[in-house]
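Asker: Top to bottom, those sequences are chains A and B. Residues 164 to 728, numbered by the numbering used here, are exactly what the first sequence covers, in order. Residues 133 to 490, numbered by the numbering used here, are exactly what the second sequence covers, in order. Built from N, CA and C at the ideal position, the CB exists for glycine as well.
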Amino acid sequence: MANSTRTIDIGTAQAPARPGEERGTLTGWLQDLVFTVDHKKLGLMYIGTGWLFFVLAGSMATFIRLQLAVPSNHVVTPQEFNGLITMHGTVMIFFVAMPFAFGFANYIVPLQIGARDMAFPRLNAFSFWVTFLGGCLLFMSYFCAPGLYDAGGPPQVGWFALAPLNSSAFSRGPSVDYWSLSLLVTGIGSITGGVNVMVTIFCYRCKGMTLYRMPLFVWMIVVTMFLVIMFIPPLTAAQIMLMLERLLGATFFDTQAGGSAILWQHFFWIFGHPEVYILVLPAFGIVSEVVPVFSRKPIFGYPAMVAASVVIGFISAGVWAHHMFTVGMSPFSTTFFAFSTLLIAIPTGIKIFNWLATMYGGKIRFEVPMLFCIGFLFQFLIAGLTGVMLGVAPFDWQLNDSYFVIAHFHYVIVGAIIFAVFAGTYYWYPKAFGRMLSKKLGLWHFWLFTIGFHLTFDPQHISGILGMPRRIYTYQPGRGWEIWNLISTIGVIFQGAAAVIFVFNMFWSYWKGKQAGEDPWDAWTLEWVTSSPPPEYNFEKLPEVLSRRPLWDLKHPDDPDWKYE
Amino acid sequence: MPGLSRRCARSRLFAIGVTVLSLLALPTALSGIAGAEDLPIHSIQNIFDPKSGPAETLYWLSILVLAICTGIFLVVGGLLTYAIIRYRRRGSHDDMEEPPQVYGSTAIELAWTVIPILIVVVLALVTARTIGELKGPLPIANNEELRIIGHRFWWEVRYPKYHVVTANEIHVPLNSRPEAAVTELTLESADVVHGFWVPQLNGKSWVVPNYRNTLWIKPYEAGIYLGNCTVICGDQHANMLIRVVVQNREDYNQWLENQQKPPVADPNVEKGRKEFVANSCGTCHSIEATAANGVFGPDLTHFMSRATLGAGVAPNDEDHLRAWLKDPQVLKPGCLMPNMKLEDKQVDEILAYLRTLK
Numbered sequence: 164m165a166n167s168t169r170t171i172d173i174g175t176a177q178a179p180a181r182p183g184e185e186r187g188t189l190t191g192w193l194q195d196l197v198f199t200v201d202h203k204k205l206g207l208m209y210i211g212t213g214w215l216f217f218v219l220a221g222s223m224a225t226f227i228r229l230q231l232a233v234p235s236n237h238v239v240t241p242q243e244f245n246g247l248i249t250m251h252g253t254v255m256i257f258f259v260a261m262p263f264a265f266g267f268a269n270y271i272v273p274l275q276i277g278a279r280d281m282a283f284p285r286l287n288a289f290s291f292w293v294t295f296l297g298g299c300l301l302f303m304s305y306f307c308a309p310g311l312y313d314a315g316g317p318p319q320v321g322w323f324a325l326a327p328l329n330s331s332a333f334s335r336g337p338s339v340d341y342w343s344l345s346l347l348v349t350g351i352g353s354i355t356g357g358v359n360v361m362v363t364i365f366c367y368r369c370k371g372m373t374l375y376r377m378p379l380f381v382w383m384i385v386v387t388m389f390l391v392i393m394f395i396p397p398l399t400a401a402q403i404m405l406m407l408e409r410l411l412g413a414t415f416f417d418t419q420a421g422g423s424a425i426l427w428q429h430f431f432w433i434f435g436h437p438e439v440y441i442l443v444l445p446a447f448g449i450v451s452e453v454v455p456v457f458s459r460k461p462i463f464g465y466p467a468m469v470a471a472s473v474v475i476g477f478i479s480a481g482v483w484a485h486h487m488f489t490v491g492m493s494p495f496s497t498t499f500f501a502f503s504t505l506l507i508a509i510p511t512g513i514k515i516f517n518w519l520a521t522m523y524g525g526k527i528r529f530e531v532p533m534l535f536c537i538g539f540l541f542q543f544l545i546a547g548l549t550g551v552m553l554g555v556a557p558f559d560w561q562l563n564d565s566y567f568v569i570a571h572f573h574y575v576i577v578g579a580i581i582f583a584v585f586a587g588t589y590y591w592y593p594k595a596f597g598r599m600l601s602k603k604l605g606l607w608h609f610w611l612f613t614i615g616f617h618l619t620f621d622p623q624h625i626s627g628i629l630g631m632p633r634r635i636y637t638y639q640p641g642r643g644w645e646i647w648n649l650i651s652t653i654g655v656i657f658q659g660a661a662a663v664i665f666v667f668n669m670f671w672s673y674w675k676g677k678q679a680g681e682d683p684w685d686a687w688t689l690e691w692v693t694s695s696p697p698p699e700y701n702f703e704k705l706p707e708v709l710s711r712r713p714l715w716d717l718k719h720p721d722d723p724d725w726k727y728e
Numbered sequence: 133m134p135g136l137s138r139r140c141a142r143s144r145l146f147a148i149g150v151t152v153l154s155l156l157a158l159p160t161a162l163s164g165i166a167g168a169e170d171l172p173i174h175s176i177q178n179i180f181d182p183k184s185g186p187a188e189t190l191y192w193l194s195i196l197v198l199a200i201c202t203g204i205f206l207v208v209g210g211l212l213t214y215a216i217i218r219y220r221r222r223g224s225h226d227d228m229e230e231p232p233q234v235y236g237s238t239a240i241e242l243a244w245t246v247i248p249i250l251i252v253v254v255l256a257l258v259t260a261r262t263i264g265e266l267k268g269p270l271p272i273a274n275n276e277e278l279r280i281i282g283h284r285f286w287w288e289v290r291y292p293k294y295h296v297v298t299a300n301e302i303h304v305p306l307n308s309r310p311e312a313a314v315t316e317l318t319l320e321s322a323d324v325v326h327g328f329w330v331p332q333l334n335g336k337s338w339v340v341p342n343y344r345n346t347l348w349i350k351p352y353e354a355g356i357y358l359g360n361c362t363v364i365c366g367d368q369h370a371n372m373l374i375r376v377v378v379q380n381r382e383d384y385n386q387w388l389e390n391q392q393k394p395p396v397a398d399p400n401v402e403k404g405r406k407e408f409v410a411n412s413c414g415t416c417h418s419i420e421a422t423a424a425n426g427v428f429g430p431d432l433t434h435f436m437s438r439a440t441l442g443a444g445v446a447p448n449d450e451d452h453l454r455a456w457l458k459d460p461q462v463l464k465p466g467c468l469m470p471n472m473k474l475e476d477k478q479v480d481e482i483l484a485y486l487r488t489l490k
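#1: Rounded to whole angstroms, what's the CA-CA distance from Lys594 (chain A) to Gly587 (chain A)? Just pull it up for me.
#2: Contact criterion: CB-CB distance below 7 Å. Does Leu189 (chain A) meet it with respect to chain B?
#3: Roughly how many angstroms separate the alpha carbons of Ser334 (chain A) and Gly359 (chain B), rounded to a whole number?
#4: List, in order along the chain, the chain B residues whose C-beta lies closer than 7 Å to that of Arg634 (chain A)?
#5: How long is the line joining the alpha carbons of Leu212 (chain B) and Ser601 (chain A), rounded to whole angstroms?
#6: For Glu301 (chain B), count neighbouring C-beta atoms within 10 Å of its own C-beta (all shown protein chains included) and say buried if the count is 16 or more, exposed if not.
#7: Based on the DSSP secondary-structure assignment, which residues constitute the bridge partners of Ser418 (chain B)?
#8: If you reduce the DSSP assignment to three classes, tell me which class Glu645 (chain A) lands in.
#9: For my contact list, Leu463 (chain B) and Gly442 (chain B) are in at a C-beta cut-off of 8 Å; report their separation, rounded to the angstrom.
#10: Does Val339 (chain A) get closer than 7 Å to chain B when you measure Cβ to Cβ?
#11: Who are Glu276 (chain B)'s beta bridge partners in DSSP?
#12: Would you give the residue range spanned by the alpha helix (DSSP H) that Glu288 (chain B) belongs to?
#13: Within a Cβ cutoff of 8 Å, which residues of the same chain sit near Met393 (chain A), ignoring the five residues on either side of it in sequence?
#14: Only counting runs of 4 or more residues, tell me where the alpha helix (DSSP H) segments fall wholly within the stretch 184-236 of chain B, in order along the chain.
#15: At the level of alpha carbons, what is the spacing between Ala147 (chain B) and Gly605 (chain A)?
#16: In angstroms, rounded to a whole number, what distance separates the CA positions of Gln461 (chain B) and Leu300 (chain A)?
#17: Where does the unbroken beta strand (DSSP E) through Val339 (chain B) begin, and where does it stop?
#18: What residues of chain B sit near Gln729 (chain A), judged by a beta carbon separation below 9 Å?
#19: Phe306 (chain A): buried (16+ other C-beta within 10 angstroms of its C-beta) or exposed?
#20: Considering Cα atoms alone, identify which of A:Leu189, A:Arg285, A:Gly321 and A:Trp725 is closest to Pro461 (chain A).
#21: Run down chain A in chain order and give the residues with a C-beta less than 7 Å from the C-beta of Lys473 (chain B).
#22: For Asn287 (chain A), does the three-state DSSP call read helix, strand or coil?
#23: Could you check which residue in B:Gln391, B:Asn390 and B:Arg405 has the C-alpha nearest to that of Ala397 (chain B)?
#24: Listed from N- to C-terminal order along the chain, which residues in the stretch 378-409 of chain B have their beta-carbon within a distance smaller than 8 Å of any beta-carbon of chain D?
#25: When the distance is taken between beta carbons, is Pro445 (chain A) closer than 7 Å to Ala332 (chain A)?
#26: Among B:Tyr485, B:Gly466 and B:Leu486, which residue has its Cα nearest to the Cα of Pro241 (chain A)?
#27: Using the Cβ count rule (16 or more neighbours within 10 Å means buried), how would you classify Glu690 (chain A)?
#28: Please confirm whether Met383 (chain A) and Gly448 (chain A) have their CB atoms less than 7 Å apart.
#29: Please compile the residues from chain A whose C-beta is within a distance smaller than 7 Å of the C-beta of Trp215 (chain B).
#30: Using a Cβ cut-off of 7 Å (strictly closer), state whether Ser175 (chain B) contacts chain A.
#31: Mind checking if Ala256 (chain B) is an interface residue toward chain A, Cβ cutoff 7 Å exclusive?
#32: Helix, strand or coil: how does DSSP classify Tyr294 (chain B) here?
#33: Going along chain A in order, which residues have a C-beta closer than 9 Å to the C-beta of Pro331 (chain B)?
#34: For Gly310 (chain A), count neighbouring C-beta atoms within 10 Å of its own C-beta (all shown protein chains included) and say buried if the count is 16 or more, exposed if not.
#35: Using alpha carbons as the reference points, say which of A:Arg634, A:Pro632 and A:Ile656 lies closest to His608 (chain A).
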């Protein structure tokens with residue numbers, strides 16, 4: 164990928180190639196991987212890291228589902244099960260969904276705003292490597308500190324590690340220390356990454372690209388990074404407190420020494436809820452790029468979309484305690500947080516309506532990215548509505564901690580975010596590698612994954628309604644949960660098959676895919692004006708834009724957008 | 133409030149639809165664990181099939197919210213489907229010309245902002261009203277008061293008015309016409325955060341150390357209701373089960389009376405009693421009128437009056453109890469009762485003794 168640019172690079176043409184920099188050697192490739200500060204390579208490395216951990220955490224989910232397929236099952240022990248759910252949740256949030264958000268931001272943002280790279284390329288590399296290190300640190304818990312009874316192995320506290328279960332009294336050994344350090348380190352990577360992307364967007368836009376002309380994806384990333392900078396620090400603070408408590412005997416959360424178990428929850432969720440929007444806003448961004456291009460219309464109500472995202476960002480700061488409706492808050496706080504939670508439905512609704520109106524009156528092309536976006540729209544609609552049910556606090560007293568909640572947030576994270584990531588991957592893969600992903604394999608992938616997703620997560624709504632609590636490693640027969648759990652487990656087979664096809668498609672198309680050319684989708688934003696893959700410096704001459712759709716203006720000089728904006 | 137006619141008139145279609153498949157598997161399973169009680173077991177805890185005052189309030193709110201959300205889904209989902217089908221690309225001639233480029237419309241934007249705002253206002257108002265109803269003062273003053281203390285991985289149940297201490301099985305009176313009976317549960321934790329949830333009786337509440345939460349129930353159908361701990365609390369979170377026995381006032385009083393009595397001192401099992409004390413079982417367990425006065429494990433004074441072992445992990449019969457005494461880590465791996473490495477003879481003697489604690 165890097166080599167395609169060498170011919171143009173005049174400066175280094177006469178200098179002898181440094182060892183390992185020769186064309187196509189493995190060492191050269193590895194060296195490039197480690198030392199690169201190119202936003203595109205780092206973006207791809209972020210996304211690659213995401214897929215790597217996705218496979219790991221996905222296999223964990225498979226074991227969870229196998230254990231729960233039938234009542235009183237013995238695939239794993241209770242300790243192993245608690246380890247699996249903790250690792251699955253932590254990895255999927257922090258080392259799959261977060262790297263996806265940063266990966267797409269890294270790769271796409273500089274291209275879409277017409278910049279040559281990120282504002283701080285070396286800080287960018289630092290952010291990536293720190294995030295990657297955090298992931299490795301979490302997995303180190305599997306290998307380190309064996310020998311102590313009950314002490315080796317992964318943390319077994321659930322992904323939000325409630326105090327005081329996370330204290331050294333109830334979680335012996337260093338597993339939770341690894342968990343805590345891992346999130347601490349990753350948090351640093353996220354914050355530096357967030358600053359970097361923000362500065363890039365605010366200072367490095369090309370000529371003519373006012374804030375009002377930025378592509379919606381970039382707008383969503385602005386809001387995302389704002390949330391990252393605001394709300395990762397509370398998590399980092401909580402991890403420092405937890406480390407002080409576990410290693411140095413502080414008592415912030417130690418209820419037997421006057422600490423507060425609720426304090427931990429406030430710290431965790433004041434990070435944890437905005438986190439959901441940190442993950443889903445980039446997904447909104449991808450959908451806002453794909454839906455217009457494949458409907459052949461500009462996004463409907465651009466100002467409303469921007470306003471809705473900013474409003475979501477602000478409201479999301481004030482809803483964290485809806486994760487704590489059952490904790491025993493006062494009626495006043497409960498009512499307040501129920502109101503603020505319901506309020507978020509309004510800007511979210513505006514977004515769905517705008518996507519709908521964008522398709523309305525268009526000529527929809529059912530390419531694979533668009534299919535994933537259509538899946539996203541339906542699933543996100545359902546996720547939003549179950550979210551409203553959970554936001555109605557008294558309904559939440561029944562549904563919280565049950566499989567209904569599991570179904571709800573998997574609808575958000577898989578049904579919406581992962582679907583959008585698939586859409587984004589099919590959409591931008593040709594830009595990144597110069598070849599199209601196979602449409603035939605893509606269709607298999609889409610249908611199998613959609614079927615698997617619904618088989619797995621739809622029945623979980625019902626087992627939740629029937630009183631099945633989350634995080635139980637086994638259940639007795641006769642509670643009415645058997646059939647729903649069995650269907651749920653069967654769905655995993657479809658999802659697994661789809662994942663295999665997807666990974667195969669990524670590799671196969673890299674060598675055998677159809678040549679993409681600069682602009683395979685006939686799209687309108689700046690990344691499609693440069694070659695595929697883009698040269699290291701992105702654009703030979705920095706572009707200048709007059710409207711939100713510079714390539715539309717170029718292709719339709721008789722009817723350019725800037726006349727109407 | 134929850135009169136019979138209203139309950140009968142209610143459409144149970146949803147509840148039936150949800151449970152019909154599950155019912156097929158039912159008879160094989162829990163019928164063996166019914167125990168001494170002659171009461172029906174409500175093992176399928178459908179939140180849309182409430183059997184108690186607060187759960188019924190939540191049910192009506194849920195139905196309203198569900199109806200609104202279903203309506204929104206049908207309208208928006210329908211529009212999406214329509215747009216996707218109606219405006220699909222129909223062959224290559226569609227590529228020749230782009231569709232009309234529409235950038236937005238303030239009037240339409242306003243419409244679909246205002247309508248959701250109205251819906252949200254409605255939802256917010258019913259939410260506030262229900263919160264007030266369930267978290268406000270109790271409907272009657274003369275109620276039963278229970279303290280429920282979550283331990284890893286079992287429930288301690290205390291009746292302060294009657295000086296009764298038991299575990300895992302919560303007996304409460306039935307709310308009937310002549311005499312209203314509301315039971316207030318005060319939830320506390322001895323160690324980590326737990327969650328108390330019996331869906332047909334009320335929503336859940338977390339059980340937080342250093343913190344006192346309350347729930348109240350007003351059950352109107354006798355029976356045994358199953359519930360779970362809902363917050364991960366360690367290895368055996370899954371087997372921290374709850375059994376609520378709702379019985380009429382007479383049976384309830386009779387049960388209380390029995391619980392208040394000291395255990396029968398049967399001379400035939402004197403050996404077992406000595407073994408029990410000698411093997412330091414009493415460090416964790418209490419049996420009234422003996423040297424056993426521990427507080428870390430369940431009170432065993434009327435152990436045989438309970439239908440299950442190990443917080444619901446197995447039925448309380450001779451075979452399971454023997455297995456439990458030999459090694460509790462087999463039935464409930466990760467529970468805090470260690471394997472006492474008793475010899476078979478000791479197990480038999482202790483077993484015989486425990487079986488007399490009616």
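Answerer: Based on what the coordinates show:
#1: For this step, residue 594 (chain A) is matched to residue 431 along the first sequence. For this step, residue 587 (chain A) is matched to residue 424 along the first sequence. Roughly 11 Å between the two C-alpha positions.
#2: Along the first sequence, read from residue 1 onward, the residue named residue 189 (chain A) stands at position 26. Not an interface residue.
#3: As a working note, residue 334 (chain A) is residue 171 in the first sequence. As a working note, residue 359 (chain B) is residue 227 in the second sequence. Ser334 (chain A) and Gly359 (chain B): Cα-Cα distance of roughly 26 Å.
#4: Looking up residue 634 (chain A) in the first sequence gives position 471. Going along chain B in sequence order, the residues near Arg634 (chain A) (Cβ under 7 Å) are Ile364 and His369.
#5: Residue 212 (chain B) sits at position 80 when you count from the first residue of the second sequence. Residue 601 (chain A) sits at position 438 when you count from the first residue of the first sequence. So the two alpha carbons sit approximately 27 Å from each other.
#6: Sequence index remark: in the second sequence, residue 301 (chain B) carries index 169 (1-based). With 16 or more Cβ atoms within 10 Å of its Cβ, Glu301 (chain B) is classed as buried.
#7: As a working mapping, residue 418 (chain B) is identified with position 286 in the second sequence. B:Asn425, per the DSSP bridge assignment.
#8: Residue 645 (chain A) sits at position 482 when you count from the first residue of the first sequence. Glu645 (chain A) falls in the helix class under three-state DSSP.
#9: The residue you call residue 463 (chain B) lines up with position 331 of the second sequence. The residue you call residue 442 (chain B) lines up with position 310 of the second sequence. Yes, they are in contact, since the Cβ atoms of Leu463 (chain B) and Gly442 (chain B) sit about 6 Å apart, within 8 Å.
#10: Numbered from its first residue, the first sequence carries residue 339 (chain A) at position 176. So, not an interface residue.
#11: Here residue 276 (chain B) refers to the residue found at position 144 when the second sequence is read from its first residue. BP columns for Glu276 (chain B) point to B:Thr315.
#12: The residue you call residue 288 (chain B) lines up with position 156 of the second sequence. No alpha helix (DSSP H) holds Glu288 (chain B); the beta strand (DSSP E) holding it covers Trp286 to Tyr291.
#13: Sequence index remark: in the first sequence, residue 393 (chain A) carries index 230 (1-based). These residues qualify, in order along the chain: Pro437 and Ala480.
#14: 185-218
#15: Position 15 of the second sequence, counting from 1, holds the residue named residue 147 (chain B). Position 442 of the first sequence, counting from 1, holds the residue named residue 605 (chain A). Unreliable positioning characterises Ala147 (chain B) in this predicted model, as indicated by a pLDDT of 45, which lies under 50. A coordinate reading is not provided.
#16: Counting from one through the second sequence, the residue named residue 461 (chain B) turns up at place 329. Counting from one through the first sequence, the residue named residue 300 (chain A) turns up at place 137. Using only the alpha carbons, I get a separation of about 32 Å.
#17: Here the question's residue 339 (chain B) lines up with position 207 in the second sequence. Ser337 to Val339 is the extent of the beta strand (DSSP E) around Val339 (chain B).
#18: Residue numbering for chain A in the displayed model covers 164 to 728; residue 729 (chain A) lies beyond these limits and cannot be assessed.
#19: Here residue 306 (chain A) corresponds to residue number 143 of the first sequence, with the count starting at 1. Exposed, since its Cβ has fewer than 16 Cβ neighbours within 10 Å.
#20: Numbered from 1 along the first sequence, position 298 holds the residue referred to as residue 461 (chain A). That would be A:Trp725, whose Cα lies nearest to the Cα of Pro461 (chain A).
#21: To locate residue 473 (chain B), count along the second sequence from 1; it is residue 341. The contacting residues do not exist; Lys473 (chain B) stays about 17 Å from chain A at best.
#22: Taking the first residue of the first sequence as 1, we reach residue 287 (chain A) at position 124. Three-state DSSP puts Asn287 (chain A) in a helix.
#23: The count along the second sequence starts at 1 and reaches residue 397 (chain B) at position 265. Ranking B:Gln391, B:Asn390 and B:Arg405 by Cα distance to Ala397 (chain B) puts B:Arg405 first.
#24: The chain inventory of the structure shown lacks chain D, comprising the protein chains A and B.
#25: By 1-based counting over the first sequence, the position of residue 332 (chain A) is 169. By 1-based counting over the first sequence, the position of residue 445 (chain A) is 282. No, Cβ-Cβ distance for Ala332 (chain A) and Pro445 (chain A) is not below 7 Å.
#26: Your numbering for residue 241 (chain A) matches position 78 in the first sequence. The option with the nearest alpha carbon to Pro241 (chain A) is B:Gly466.
#27: Along the first sequence, one-based indexing puts residue 690 (chain A) at 527. With 16 or more other Cβ atoms within 10 Å, it is buried.
#28: Counting from 1 along the first sequence, the entry for residue 383 (chain A) is found at position 220. Counting from 1 along the first sequence, the entry for residue 448 (chain A) is found at position 285. It is a contact, given that the beta carbons lie within the stated cut-off.
#29: Position 83 of the second sequence, counted from the start, is the residue given in the question as residue 215 (chain B). The residue asked about is misnamed: residue 215 (chain B) is Ala in this sequence, not Trp. Residues of chain A passing the Cβ test: Leu519, Met522 and Tyr523.
#30: As a working note, residue 175 (chain B) is residue 43 in the second sequence. Judged by the 7 Å Cβ criterion, Ser175 (chain B) is in contact with chain A.
#31: Taking the first residue of the second sequence as position 1, residue 256 (chain B) is located at position 124. Interface residue, yes.
#32: The count along the second sequence starts at 1 and reaches residue 294 (chain B) at position 162. Reduced to three states, the DSSP call for Tyr294 (chain B) is coil.
#33: Indexing the second sequence from 1 puts residue 331 (chain B) at position 199. Neighbours of Pro331 (chain B) on chain A, chain order: Gln561, Ser565, Ile628, Leu629 and Gly630.
#34: Along the first sequence, one-based indexing puts residue 310 (chain A) at 147. In this prediction, Gly310 (chain A) scores a pLDDT of 47, lower than 50, which makes its location untrustworthy; the coordinate-derived value is nonetheless stated afterwards. So Gly310 (chain A) counts as exposed.
#35: As a working note, residue 608 (chain A) is residue 445 in the first sequence. Minimum Cα distance to His608 (chain A) is reached at A:Ile656.
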